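Chemist: Keeping their order, the protein sequence lines are chains A and B.
For the first sequence, the positions run 20 to 176 when the working numbering is used.
For the second sequence, the positions run 1029 to 1935 when the working numbering is used.
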Amino acid sequence: MDFKFTEENLSRIESVRKKYPDSKAALMPVLYIAQEQNGYITREVMDEVALVLGIKAVDVLGVATFYTMYHTSPVGKYHLQVCTNVSCMLKGGYEMLEETVKKLGIGVNEVTPDGKFSIEEVECMGSCGTAPMMAVNNDYFENLTKEKLNEILDSLK
Amino acid sequence: MAKMAKIIIDGKTYEVDSSKNLLETILSLKLNLQYFCWHPAMGSVGACRQCAVKKYRDENDKAGKLFMACMEPVVDGMRVSIEDPEAKEFRAGVIEWLMTNHPHDCPVCDEGGECHLQDMTLMSGHNYRRFRYKKRTYRNQYLGPFLHHEMNRCIQCYRCVRFYRDYAGGDDLNVFGVHSSVYFGRHEDGVLENEFAGNLVEVCPTGVFTDNTLFQHYTRKWDLTSAPSVCVHCGVGCNTLAGERYGKLRRILTRYNGQVNGYFLCDRGRFGYEFVNSEKRIRKPMLRLSGENRLSEADEETAITEISAIIKSSRKVMGIGSPRASLEANFTLRSLVSERNFYWGVPEQEFSLLTKEMNILRQGSIRTPSLREIEKCDVVVILGEDLTNTAPMIALAVRQSVRQVPVQSATPYKIPHWQDAAVRELVQDEKGPVFVATPYATKLDSVARTFRGSADEIARLGYAIAGAISSDAPKADNLNEEVCVLSESISKALNKAERPLIIAGQSLKSEAIVNAAANIAYAMRKAGKNVELCYTVPECNSMGMVMMGGKALDQAFHAVEKEAMDTLIIMENDLFRRDEKQAVDRFLKRFKNIIVLDYIENATTERATAIIPVGSFAESDGTFVNNEGRAQRFYQVFVPNKEIKESWRWVRNIMVTSGMKEFSRWKNLLDYTQALIKEMPYFTGIDTITPPPGFRIAGRKIPREPYRYSGRTAMHADKTVHEPKPPEDVDSPMSFTMEGYRGQPPSSLIPFFWSPGWNSAQAINKYQIEVGGPLHGGDPGKRLIEPLPNAKPSYFTDVPKAFAPREGEWMLVPVYHIFGSDELSVHSPGVRELVPKPYIMLSPDDAARLQVTSDSELELGIGGQVERLPVKINLGLRPGLAGYPVTLPGMSVVRFPVSVKISGVKK
């Protein structure tokens, strides 16, 4: 599979690059752009990022595999990130996670066969005041209860 | 003078240097403390949490607190405890964590018995595994012919990437993943690109990176017979430890020398040794019997009798010596044929350039630094040398000198310089001034400001720098703007430097470059500045050769034209590598008898009428002089078969048999060395760089084998059930057995590094006066070249003219390859894999003009012959120049300077 940035993303990369002293420093935002376009980051994507930025592929791989928010394998259209860190745990974070698993019939770090959903257990996302919480892609859903969770999942189907 | 501090460790008071960290101090005191991520050459990062000790506020503080010793500066009045139970428990706990994922595969691990992780685990007392879960596993990578990768063993100390990236400047090894899936490797399988990657074998505290060449003929480390040796693959003279078992050389390790190579070696030096085991080795004397056309094997006695008869019946015998043979070997041959008939087997051009380098250093006022001192220089100007390929370890030293200026910025922030992570965070990508002037792009360019041009252009830049420093130095005229600007900024940097260094050499076969480098140094000195000058030399004893002096190969060619000679003795030298084939052919045809002493078959041995099997570095003793003028002794590692003897012993035996009875007095190496000094007094002192053969400690010799050596009663069982008498060594105070003195030997006689509880290379700490400092008793070797402080050498004035490309003609510049340009290492299978195919290097402009790409082939007329060579494009090369890889297998030998015409292009 060949990966190429779209024209629009190339110009976004160009403007991102200007914010940093060198291209290596622009790697993280550029990886995000790549993930946005491709859904997840394959070796081909990393090679293309290295090429576009003029840095070594070995450095891209180092960064992409260090941060958990870069996906190196496919995730669902809706990527559910359920927090089980201290505050959420105390307020029922694990129950929320279990409910999600039960509802969707897949395990943590798995994708539904139709490619719609994937679940990830995450650490604190900075929303402790409204625990328990989960994030669906970039949106936060807070003060969760089982009912609310089911409602949200149903609305996404 | 270092500031001293009094510290109390476990109730005992010590007076120590306060500029060091606590871990270094503890190790320098020869106390034991576990560590992983700290490395004496790379400083502290505090990553592994292994070196925890208790630190107390004052004498009333009984509880104390845990601190990492590697991160603690030594402070006067400090109270610490290594033995505190809580600290001990903490350290054992850390090892237990680190070991949770370790495969415990010591019995099948190449590192076993020489493993820092084993040593540290034992030292910590951790011995029972409580972790019951699955271990993480990895896929290993193919990393090339030199290194074997076994990631499961990793304990995440990060030393490999710190060495590879930060110290050696490599960029294709990195760390991936996070948490328990951290992975050290390349982004895909492939040969590690860095020339110093082999050091990972010693840098890795366990068996993640192991020596793949050893793996091919593996033997347990404690079963090796080892001896102190000196690398033969370039002129830098790194100290090595060579290990043998069952008549095969098994591996090379670094032999620490605080003044020369420190803790490291280049890959050519570490992995080039396998030529010793090559199938092309000459193991028996070969004679051409009368009436026969080909050589046949002979025994030692017959060979000596026959060859002595030839020499006795010859009217004139000519001897050709070699810069890859020891001083003693060359001197003995010279004694056989007399000074008049002795010639060095190197072209006049090389010989006179090297002589010039030596004279500048010996008769001038400029000091030449040791390899270790190069690391301390703060501004470096390199003229004409592709150091990574001509003197790799100097390139590694220059990479450290790059840090000298930026590291100073840590001082105002009170960050000690050993705080590696903090210093690097502060310094970022800032680099000290290094200038590289070479014809083509080189690896050191990444840390340097560069200049590209022909040898003459580089020399003109050198003259321009000298002229900018001192107004009375001869100046180059008609300089273009680039040279004016660059020479101005180089001279400014040099003037600001505390410890500037000029590096040059004879690689480009240009006298003007050697002169220009000297002029810069002279100009600096005139201006009252401190300056050092380093010249590279091509072979392990090139400097020894020109110190002995004499005549070069060209003169030998002339001599046979004038006067008939019947016998030629060539020692450890393949003349077909030295000059154009026709010239060597014509020369050899003049002789009835050609006696060749060598260890490996080559074009010259093919022409021999008698071949004598001599010992390589591993089967000989002798003395080499490195580029710095340091005389260093190397010792025989093993006795392969009785016919293989040192060149000097063979020649002496022939002399004695052919009637020169006075030489029967020469019995061991010391006799030869002393005879050499008597005739050439400037070698005075080289007989005492190592203890004499009669040296004993408490009546005992130094054993070449460690006390765990096994199998000596069984290893000859296929031949005899009686344990044979071990070979005797009359040339050194070392034995070929495991019996002898078990303490630390004198620094020049260290056959392996070992100390109770310290089985890995980290045992070096115990052999040093202080960590990273000189060995006990001083670093071995003796500098024979020291400057004359009052000398007032005059400037050289041969400023060359600017280079102007000529239409349809290309000026060849020599190109060097770390793997390929050296004669011996290419016989090692691993090195052989990395030797490039013959090619010609073109500039991008010329390639565009000729409409050729990297796939094209060019037809060139060189020395009356036509050669077809594929094209490689080098972005740095200037138009009108073409790079010609010298002495690469498959390339012909040419005399520089030479211009070629391109007679055809195949696209």
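For each residue, glycine too, the CB sits at the ideal point set by N, CA and C.
Since we're looking at a predicted model, the values are computed, not measured.
Residues in the same chain with beta-carbon distance under 8 Å from Ala1940 (chain B), minus the five sequence neighbours each way, listed in chain order, please.
Modeler: Nothing about residue 1940 (chain B) can be read from this structure; chain B reaches only from 1029 to 1935.
Chemist: Taking Cβ-Cβ distances shorter than 9 Å, what residues in chain B pair up with Gly58 (chain A)?
Modeler: Those do not exist, as Gly58 (chain A) stays about 21 Å from chain B at its closest Cβ, beyond 9 Å.
Chemist: Would you say Ala76 (chain A) reaches chain B, if we count a Cβ-Cβ gap shorter than 7 Å as a contact?
Modeler: yes
Chemist: Less than 7 Å between C-beta atoms, sequence neighbours within five positions excluded: which residues of the same chain meet that for Val79 (chain A)?
Modeler: For Val79 (chain A), where only same-chain residues beyond five positions count, the Cβ hits under 7 Å are Leu46, Met65, Val68, Ala69.
Chemist: How would you list, in chain order, the residues of chain A whose beta-carbon sits under 8 Å from the beta-carbon of Asp1200 (chain B)?
Modeler: The contacting residues are Lys75, Val77.
Chemist: Can you tell me whether Arg1311 (chain B) is buried or exposed? The criterion is at least 16 other CB atoms within 10 Å of its CB, across all chains shown.
Modeler: exposed
Chemist: Here's the rule I'm using: 16 or more other beta-carbon atoms within 10 Å means buried, otherwise exposed. How should Met1571 (chain B) be labelled?
Modeler: buried
Chemist: For Leu80 (chain A), which residues in chain B fall below 8 Å Cβ to Cβ?
Modeler: For a Cβ distance threshold of 8 Å, residue set Asn1202, Phe1204, His1215 of chain B lies close to Leu80 (chain A), ordered along the chain.
Chemist: If we ignore side chains and look at the alpha-carbon of each, how far apart do His1744 (chain B) and Ile1725 (chain B) end up?
Modeler: 30 Å
Chemist: Taking all protein chains shown into account, do 16 or more other C-beta atoms lie within 10 angstroms of the C-beta of Met1032 (chain B), making it buried, or fewer, making it exposed?
Modeler: exposed
Chemist: Quick one: what's got a C-beta closer than 7 Å to Lys75 (chain A)'s C-beta in the same chain, skipping five residues either side?
Modeler: Ala69
Chemist: At a CB-CB cut-off below 8 Å, which residues of chain D make contact with Phe85 (chain A)?
Modeler: Among the protein chains in the structure shown, which are A and B, there is no chain D.
Chemist: What is the rounded straight-line gap between the Cα of Phe1479 (chain B) and the Cα of Thr1439 (chain B)?
Modeler: 32 Å
Chemist: May I have the straight-line CA-CA distance separating Phe1095 (chain B) from Ala1080 (chain B), to the nearest angstrom?
Modeler: 5 Å
Chemist: Taking Asp1626 (chain B) and Thr1633 (chain B) to be in contact with their CB atoms under 8 Å, please state how far apart those CB atoms are, rounded to whole angstroms.
Modeler: 6 Å
Chemist: Taking the alpha-carbon positions, what's the Leu1355 (chain B) to Arg1661 (chain B) distance?
Modeler: 10 Å
Chemist: Rounded to whole angstroms, how far is the Cβ of Val1921 (chain B) from the Cβ of Ala1910 (chain B), which I believe are closer than 8 Å?
Modeler: Contact doesn't hold; Cβ gap of about 16 Å is too wide.
Chemist: Measuring alpha carbon to alpha carbon, tell me which of B:Ser1788, B:Leu1381, B:Leu1059, B:Glu1851 ends up nearest Met1573 (chain B).
Modeler: B:Leu1381
Chemist: Below 7 Å between beta carbons: does that hold for Leu1171 (chain B) and Leu1220 (chain B)?
Modeler: Going by C-beta atoms, Leu1171 (chain B) is nearer than 7 Å to Leu1220 (chain B).
Chemist: So what does DSSP say about His1130 (chain B), is it helix, strand or coil?
Modeler: coil
Chemist: Check for me: the alpha helix (DSSP H) holding Cys1405 (chain B) runs from which residue to which?
Modeler: Counting along the chain, Cys1405 (chain B) falls outside any alpha helix (DSSP H), and DSSP gives it neither H nor E.
Chemist: Quick one: what does DSSP say Ile1636 (chain B) is sitting in, helix, strand or coil?
Modeler: The residue you asked about is not Ile; residue 1636 (chain B) is Ala in the sequence shown. Three-state DSSP puts Ala1636 (chain B) in coil, outside helix and strand.
Chemist: Can you look up Thr1685 (chain B) in the DSSP assignment and give me helix, strand or coil?
Modeler: Note: Thr1685 (chain B) maps to helix in three-state DSSP.
Chemist: Skipping 5 residues on each side, what residues in its chain have a beta carbon closer than 6 Å to that of Ile1388 (chain B)?
Modeler: Ala1546
Chemist: Would you please state the rounded distance, in angstroms, between the beta carbons of Asn28 (chain A) and Ile60 (chain A)? I believe it to be under 8 Å.
Modeler: Asn28 (chain A) to Ile60 (chain A), Cβ: 14 Å. No contact.
Chemist: If we count the other Cβ atoms within 10 Å of its Cβ and call it buried at 16 or more, is Arg1732 (chain B) buried or exposed?
Modeler: Per the 10 Å Cβ criterion, buried.
Chemist: Any contact of the segment 1797 to 1814 of chain B with the segment 1281 to 1298 of chain B, i.e. 3+ C-beta pairs under 8 Å?
Modeler: yes
Chemist: In this structure, what does DSSP give as the bridge partners for Val1653 (chain B)?
Modeler: B:Ala1659
Chemist: So, using beta-carbon positions, are Leu1905 (chain B) and Glu1895 (chain B) closer together than 7 Å?
Modeler: Cβ distance not < 7 Å, so Leu1905 (chain B) and Glu1895 (chain B) don't count as in contact.
Chemist: Buried or exposed: which applies to Pro1113 (chain B), given that a residue is buried once 16 or more other Cβ atoms fall within 10 Å of its Cβ?
Modeler: exposed
Chemist: Nearest CA to the CA of Phe1224 (chain B): which residue from B:Arg1362, B:Arg1427, B:Thr1333?
Modeler: The option with the nearest alpha carbon to Phe1224 (chain B) is B:Arg1427.
Chemist: In whole angstroms, what is the alpha-carbon distance linking Met1029 (chain B) and Asp1448 (chain B)?
Modeler: At Met1029 (chain B), the pLDDT of 49 sits below 50, so the modelled position is not reliable and the matter cannot be decided from this model.
Chemist: Where does Met88 (chain A) land, buried or exposed, given buried means 16+ other C-beta within 10 angstroms?
Modeler: exposed
Chemist: Locate the alpha helix (DSSP H) running through Ile1444 (chain B), then write down its first and last residues.
Modeler: As written in the sequence, residue 1444 (chain B) is Pro, which differs from the Ile given in the question. That residue, Pro1444 (chain B), is in no alpha helix (DSSP H); it is neither H nor E in DSSP.
Chemist: Alpha carbon to alpha carbon, what distance is there between Leu1916 (chain B) and Leu1201 (chain B)?
Modeler: 28 Å
Chemist: I need the DSSP call for Asp1854 (chain B), collapsed to helix, strand or coil.
Modeler: The sequence shown places Val at residue 1854 (chain B), not Asp. Helix, per DSSP.
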